[in-house]
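To start, the structure under review is shown below, and the notes come after it.
Protein chains: 2
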Amino acid sequence: MMQSAFDTLVAYQRQTETLGSISGLLSWDMETKMAQGSAAKRGEQLAVLSGLIHDRNAASQLRDLISAARENPQDVTTLRHIALIEREADKASGVPKDLVTEFAHARIRSNQAWGEARKNDAPDIFIPELKNIVSLTRKFASALREPSDKTLYDVCLRDYEPDTDSASIDVMFEKLRPRLVDLRAAVMAAPDAPRLSGHFDIAVQERLVIDLAERFGYDFNRGRIDVAIHPFCEGGGSDVRVTTRYDEKDPLNSIYSIIHEVGHASYEQNISKTHELTVFGHGCSMGIHESQSRICENQLGRSREFTSWLYGRMRDAFGDIGVASEDAFFRAVNGLQNGYIRTEADEVQYNLHVLLRYDLEKALIGGDLAVEDLEAAWNDRFEADFGVKVDKPSNGFLQDIHWCEALIGYFPTYSLGNVYAGCLYSALCYDVPSVMEQVAQGDLSSATEWLRENIHQYGASVPSVDLITKACGQAPSEAPLLDYLDNKFRALID
Amino acid sequence: MMQSAFDTLVAYQRQTETLGSISGLLSWDMETKMAQGSAAKRGEQLAVLSGLIHDRNAASQLRDLISAARENPQDVTTLRHIALIEREADKASGVPKDLVTEFAHARIRSNQAWGEARKNDAPDIFIPELKNIVSLTRKFASALREPSDKTLYDVCLRDYEPDTDSASIDVMFEKLRPRLVDLRAAVMAAPDAPRLSGHFDIAVQERLVIDLAERFGYDFNRGRIDVAIHPFCEGGGSDVRVTTRYDEKDPLNSIYSIIHEVGHASYEQNISKTHELTVFGHGCSMGIHESQSRICENQLGRSREFTSWLYGRMRDAFGDIGVASEDAFFRAVNGLQNGYIRTEADEVQYNLHVLLRYDLEKALIGGDLAVEDLEAAWNDRFEADFGVKVDKPSNGFLQDIHWCEALIGYFPTYSLGNVYAGCLYSALCYDVPSVMEQVAQGDLSSATEWLRENIHQYGASVPSVDLITKACGQAPSEAPLLDYLDNKFRALID
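So, in structure tokens, the structure goes:
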């Protein structure tokens with residue numbers, strides 16, 4: 081039988097996807113297993129792979145295959161499949177090669193400058209490099225701008241959150257901020273939450289982590305757990321690996337890291353097998369991906385129901401954990417504290433950290449904020465939202481790696497994930513009324529099955545907003561997340 | 081400055097070598113870390129890489145680069161460098177693509193048939209598949225035959241032991257067999273060697289394994305140790321990984337596995353940095369590679385001097401180990417036992433196992449032995465050399481995986497490694513008279529430094545026989561190995 085033009089296109093892309101999956105595995109190994117002295121060689125291996133992937137995406141052969149595949153009438157899913165491949169082709173061929181090289185070198189320089197600046201709280205080291213990054217990002221975005229892009233920032237956003245634009249994200253985010261600022265102030269005025277204390281043996285934590293991973297739907301037959309300084313999830317389909325980290329004084333670190341990463345991992349593991357090694361064989365956007373990790377970590381994992389079960393499990397595992405009741409444990413897991421650092425923030429404050437960055441980076445790319453004025457703008461906004469003055473740049477605008485790496489357009493997907501998780505959690509509770517009773521028994525199977533059915537299986541075959549709309553019966557909005565946070569945290573301080 | 085034609089060739093080859101190194105890492109991961117359910121995807125990843133490597137080696141562009149590099153006058157090392165690249169080009173383009181595909185499928189089928197046949201002691205399942213493998217190997221060898229090849233078997237040998245031929249190996253091996261058969265008979269007539277007994281905690285073994293790896297020159301900054309069912313060493317230059325296995329009842333298993341693999345690994349780690357990711361950046365032949373693992377494991381690791389030190393170290397680590405003196409421990413480490421299985425054999429009998437296979441596979445490829453007559457020929461030879469009748473095919477000609485995988489030409493390199501190790505050990509003791517006094521203190525540094533200087537650093541830049549000749553001051557021969565074995569084992573039974 082003759083292969084159709086579409087099949088030929090998919091077969092071509094399959095080899096590119098396979099090279100991408102190999103690159104992912106090499107990165108996993110670099111973060112978890114590789115010895116220090118192998119770093120230069122690994123850099124060379126990764127560069128060869130990314131060069132091959134770039135060349136395949138930029139090849140005129142790919143353009144011909146795309147045109148041929150479009151010649152026959154196609155259903156909407158096939159057209160989307162072709163469009164996603166074309167997006168890769170456009171990205172690879174849309175920017176002059178010398179600009180790509182310049183950008184790669186600029187990122188290495190700015191990463192070094194950022195590290196120095198952060199270590200010494202000396203922003204001046206970083207400012208010129210960041211100016212260069214912003215300027216190059218604007219050049220890149222200009223080169224890749226499509227007629228449908230209203231702003232340059234929309235082009236940046238598309239790398240992480242395709243099929244939506246900043247105008248519609250703005251509408252949601254603008255409603256988030258005032259209610260979050262209010263809620264934060266109310267919770268911070270209440271007495272401090274209790275804290276766990278004791279020694280938590282790593283071997284015992286490891287067994288608990290495996291148990292939790294399985295409960296949240298992780299399939300160990302297609303992956304594994306290792307340790308990493310910054311936990312992450314890597315891979316897709318039949319090989320998806322997660323990492324966590326252990327702290328003998330703080331078991332909540334390993335517990336909520338693994339639940340978060342397993343949220344990402346079971347998404348990837350449950351994508352329909354037919355999509356593996358195609359452009360549909362990934363999460364459909366960073367926001368949707370983050371919604372899967374966040375609903376597991378927060379709406380399910382930090383719920384009163386789950387923490388009640390977990391409290392018993394932890395007492396069995398560790399004996400006395402320093403808090404004397406399910407209620408105290410629930411409060412310990414959900415306590416708010418003043419802090420400058422995004423990655424250490426709780427459910428309420430986290431989004432305030434992100435919204436600040438979103439507004440600032442949009443202004444940088446839009447030309448409404450000069451890099452020289454970034455620190456002052458950050459500090460003003462931080463004080464307005466958090467009621468605290470930033471004490472030093474490393475606790476302020478120098479804290480994140482994203483900007484020095486030119487990951488501009490990435491931050492909003494964190495909060496978008498939380499907003500989507502809010503929508504999905506509301507729909508889950510509506511569709512499966514008994515779900516939280518089961519969660520109170522440590523049984524997550526109904527919850528994970530609902531996510532598999534409504535989100536996971538589709539991979540990238542359905543655009544993000546359509547996916548949420550279909551799963552929830554209505555378009556995404558900030559309201560479910562805000563209502564959920566209000567209910568949970570105002571009850572906590574009653 | 082303009083790049084020379086040779087530099088351009090080396091840069092082209094560097095990308096091919098890098099893809100090979102990636103493939104190696106994926107294989108390491110498959111054997112040590114990967115979950116079962118990821119096997120099909122890994123197969124696809126490896127197939128994509130080997131396809132890319134094949135295409136690069138078969139490309140007409142490579143032929144042009146080779147011709148251009150040859151145009152200028154070159155020194156002998158540069159000419160060898162070009163010749164080694166050309167050998168890859170010849171292998172990739174010398175065989176019709178449909179024969180390559182047929183061979184790949186045949187190997188998969190014969191591997192399955194061999195597994196079944198071995199499990200059920202039913203050789204008839206395997207015979208037709210092995211006939212096919214032998215026939216295809218002959219076709220391959222005919223296609224790749226060069227004017228200098230005297231026999232088809234020489235072509236097979238070249239994949240594993242280039243720069244030599246079976247005629248010169250024959251000369252050495254024919255002298256090995258009678259003296260080994262005599263020595264075996266003498267040792268087997270003596271009383272049984274003592275055996276270790278006790279429980280050997282795995283965590284304690286792990287610490288000992290790390291200590292031994294370091295003593296034998298392994299650099300942990302450019303590699304790591306993991307567990308594998310069949311221990312192996314993988315990688316080159318700045319990333320070389322080893323594996324071992326643990327048995328709570330038999331610490332000699334992990335100890336001599338790690339010393340063997342570290343012998344391979346430190347060879348790869350110590351190749352001159354300038355050779356990394358070039359055709360010189362590997363061991364120069366399987367025989368030379370095996371000589372490095374064997375001299376570490378046997379001449380050094382099973383010496384009276386080293387076992388005396390190791391005995392104290394083991395008593396410190398494990399307490400009572402079931403043998404009461406250094407002498408008893410030395411005998412335990414070097415005890416001979418009747419056995420059918422090559423991989424479990426001692427220093428004396430191992431070569432008899434290999435020589436049997438070498439003679440039989442040479443006869444198969446030469447057309448002097450029919451596959452139908454292989455089992456009988458094996459059993460006759462086994463009884464002649466070992467004085468024991470083979471009880472079942474799985475203890476006889478079905479025991480090794482090599483033939484079903486078409487690894488024909490591989491076996492002799494095991495014994496060649498032992499012969500080379502014999503030559504090198506003799507030269508080492510001559511050059512560094514105090515070396516074994518140091519080994520008796522657990523200090524291997526003079527020995528490993530001598531190997532680094534005389535073998536390791538060169539990688540594949542010097543042909544194997546020249547390398548041994550240069551290191552030893554004379555051409556390789558079987559005499560030093562035989563003298564070493566006679567001295568050691570006849571003293572043991574006195």
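Each protein sequence line maps, in turn, to chains X and F. Just so we're aligned: the first sequence equals residues 81 to 574 in the working numbering. Just so we're aligned: the second sequence equals residues 81 to 574 in the working numbering. All C-beta atoms in this analysis are idealised placements derived from N, C-alpha and C, irrespective of residue type, glycine included.
Are the CB atoms of residue j and residue i within a distance shorter than 8 Å?
i        : j        : result
F:Val342 : F:Cys364 : no
X:Ala148 : X:Ala85  : yes
X:Gly297 : X:Arg393 : no
F:Ser346 : F:Val519 : no
F:Ser352 : F:Gly195 : no
F:Gly497 : F:Gly303 : no
F:Gly489 : F:Leu237 : yes
X:Pro560 : X:Ser506 : yes
F:Gly128 : X:Gln372 : Checking the displayed sequence, the identity of residue 128 of chain F turns out to be Val instead of Gly. Going by C-beta atoms, F:Val128 is not nearer than 8 Å to X:Gln372.
Roughly how many angstroms lie between the CA atoms of residue i and residue j, to the nearest whole one?
i        : j        : result
F:Glu558 : F:Glu517 : 26 Å
F:Ala571 : X:Trp108 : 53 Å
X:Asp426 : X:Gly415 : 7 Å
F:Asp327 : F:Val413 : 16 Å
X:Asp243 : X:Ala163 : 11 Å
X:Leu380 : F:Gly316 : 47 Å
F:Ser277 : F:Gly467 : 29 Å
F:Val284 : F:Met114 : 26 Å
X:Gly117 : F:Asp319 : 7 Å
X:Phe462 : X:Leu126 : 38 Å
F:Ala172 : F:Pro153 : 27 Å
X:Leu201 : F:Gly100 : As written in the sequence, residue 201 of chain X is Asp, which differs from the Leu given in the question. Using only the alpha carbons, I get a separation of about 44 Å.
X:Trp389 : F:Arg287 : 39 Å
X:Val175 : X:Thr181 : 10 Å
Only counting the same chain, and skipping five residues up and downstream in sequence, which positions put a Cβ closer than 7 Å to that of residue i?
i        : result
X:Glu485 : Arg187 and Asn191
F:Leu263 : Val428, Leu565, Asp566 and Phe569
F:Asn350 : Arg532, His536 and Gln537
F:Ala551 : Leu504, Ala507, Asn534 and Ile535
By Cβ distance, which residues of its chain are closer than 8 Å to residue i, with the 5 residues on each side in sequence left out?
i        : result
F:Pro556 : Met252, Val499, Tyr500, Cys503, Val545, Ile548 and Thr549
F:Ala91  : Gln83
X:Pro203 : Ala197, Glu455, Pro473, Phe477 and Leu478
F:Ser526 : Val512, Ser514, Val515 and Gln518
Which term fits residue i, buried or exposed, when burial requires 16 or more other beta carbons within 10 angstroms of its beta carbon?
i        : result
X:Phe309 : According to the sequence as given, residue 309 of chain X is Ile; it is not Phe. Burial call: exposed.
X:Gln141 : exposed
F:Pro331 : buried
F:Gly447 : exposed
F:Asp439 : buried
F:Ser222 : exposed
F:Pro492 : buried
X:Val235 : buried
The ligand COA and residue i: does any heavy atom of the ligand fall closer than 7 Å to the residue's C-beta?
i        : result
F:Ser334 : With respect to the ligand COA, the structure shown offers nothing to examine, as it has no ligands at all.
I'd like to know whether the C-beta of residue i is nearer than 8 Å to at least one C-beta of chain X.
i        : result
F:Ile87  : Reading off the sequence, residue 87 of chain F comes out as Asp, not Ile. So no, F:Asp87 is outside the interface.
F:Ile102 : yes
F:Val128 : yes
F:Arg304 : yes
F:Ala120 : yes
F:Gln95  : yes
F:Asp291 : no
F:Phe300 : yes
Checking contacts by CB at 8 Å: is residue i closer than that to chain F?
i        : result
X:Gln537 : no
X:Ser318 : yes
X:Met348 : The amino acid occupying residue 348 of chain X in the given sequence is Glu; Met does not appear at that position. Not one chain F Cβ lies under 8 Å of X:Glu348.
X:Ala425 : no
Using a Cβ-Cβ cut-off of 6 Å (strictly less than) and excluding sequence neighbours within five positions of residue i, which residues of its own chain qualify?
i        : result
F:Cys313 : Val322, Glu341, His344 and Ala345
X:Leu575 : Outside the modelled stretch of chain X, which goes from 81 to 574, sits residue 575 of chain X, for which no answer is possible.
X:Asp281 : none
X:Lys469 : Glu463
X:Asn475 : Tyr420
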